Amino acid sequence: MTNFEDKKPRKGCKDVFNAYMVNEAIFTGEFDIPVCLTDKIEIPERVIAYDLTKSSTDYEAYVHFYIDDQKFDGPQGIWNNPKKALDRLRKFKGVITPDFSTNIDFPVSLKIFNTYKMRAFGCWLRSNGINVINNVRWSEPNSYNYCFDGIPKNSIISIGTIGCIKDSSYWDLYQKGLDEMIERLEPKIILVYGRSPDKFFKKYKDKGIIIHQYESQTSLAFRKKELE
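Going by the working numbering, the final residue of the sequence shown carries number 544, and the count climbs one at a time with no gaps.
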């Protein structure tokens, strides 16, 4: 366990690294990813994107970040202005930890840092009394060395499939990542934001894993348009 408050900063120093978020965290793996615990939580009935929460009153929903990073990250985003984000997030029933991008073409150092940020932000939310479900994100096989760190086994987890299974050239890579996630984390419940075709998920259902799918914002918008 690391306690950053034991290391008193020089007078005038400011915590620009958000070290306070992991003050009570336990770190794991080669890259010291903080462990973000998940309490026993029921499956959320509804989820809502972070960029819609400013005007929403659907406080029974869980907030997700399966949207473009620019809509929640950046100079005024959740990492650089976390306390402002906290005021908004604590109104809702819970939060799926942020989906900071770890794209294949990113530098490895950035992918590791974004994985760290997912867990650290989740730890901090939880320390503020917010229900948290871990988001899981991987890229190429080398990412398996860190991308599953900090997530408890046998818990409820969440993944996004937007953009991941649209291109058939990525299918094999995506399936390998799913298989690795199942083997390492042994989840009881997987929340899926976006499509969850049997091609990828049937074998997990057959093993007794609960797959709970939520339609994407885009899909819901198309459906609404068709009904008009």
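The beta-carbon is built from N, C-alpha and C at its ideal position, and this holds for glycine as well. No experiment lies behind these values; they were computed from the predicted model shown.
- [ ] Could I get the ranges of all uninterrupted alpha helix (DSSP H) runs contained in the stretch 438-514, with 4 residues as the minimum, in chain order?
- [x] 487-501
Open item on the list: I need the straight-line Cα distance from residue 362 to residue 377, nearest angstrom please.
Closed with: Straight through space, the alpha carbons of residue 377 and residue 362 are spaced by roughly 5 Å.
Task: Bridge-paired residues (DSSP) for residue 410 - done: DSSP lists 378 as partners of residue 410.
Open item on the list: Would residue 518 and residue 472 be called neighbours here (beta carbons separated by less than 8 Å)?
Closed with: No, the Cβ-Cβ distance between residue 518 and residue 472 is not below 8 Å.
Open item on the list: Can you tell me which residues form a DSSP beta bridge with residue 354?
Closed with: Answer by DSSP bridge pairing: none, since residue 354 is not bridged.
Task: When 491, 405 and 511 are compared against residue 553, the one with the closest alpha-carbon - done: The question about residue 553 has no answer here: the residues shown for the chain are numbered 317 through 544.
Open item on the list: Would residue 553 and residue 357 be called neighbours here (beta carbons separated by less than 8 Å)?
Closed with: There is no way to answer for residue 553, as the model of the chain reaches only from 317 to 544.
Task: Sequence-distant residues of the same chain with beta carbon closer than 7 Å to residue 401, five excluded per side - done: 394
Task: residue 508 versus 348, 530 and 414, residue with shortest Cα-Cα distance - done: When the alpha-carbon of residue 508 is set against those of 348, 530 and 414, the nearest one is in 530.
Open item on the list: On the DSSP letters alone, give me the boundaries of the alpha helix (DSSP H) that residue 335 sits inside.
Closed with: Per DSSP, residue 335 belongs to no alpha helix (DSSP H) and is neither H nor E.
- [ ] Put residue 386 into one of helix, strand or coil per three-state DSSP.
- [x] Three-state DSSP puts residue 386 in a helix.
Task: Distance, residue 445 Cα to residue 490 Cα - done: 34 Å
Task: Reduced DSSP category for residue 418 - H, G, I as helix; E, B as strand; rest coil - done: coil
Open item on the list: At the level of alpha carbons, what is the spacing between residue 455 and residue 370?
Closed with: 31 Å
Task: Other residues of its chain near residue 460: CB distance less than 7 Å, five sequence neighbours each side excluded - done: For residue 460, the CB contacts under 7 Å within the same chain, skipping 5 residues up- and downstream, are 454 and 496 in chain order.
- [ ] Taking 8 Å as the threshold, find out whether the stretch 345-353 comes into contact with the stretch 329-336 through three or more Cβ pairs.
- [x] no
Open item on the list: Taking only three categories from DSSP, how would you classify residue 347?
Closed with: When DSSP states are grouped into helix, strand and coil, residue 347 belongs to the coil group.
TODO: Answer with buried or exposed for residue 433, where buried requires no fewer than 16 other C-beta atoms within 10 angstroms of its C-beta.
DONE: buried
- [ ] Can you tell me the Cβ-Cβ gap for residue 467 and residue 501, rounded? I've got them flagged as a contact below 8 Å.
- [x] 6 Å
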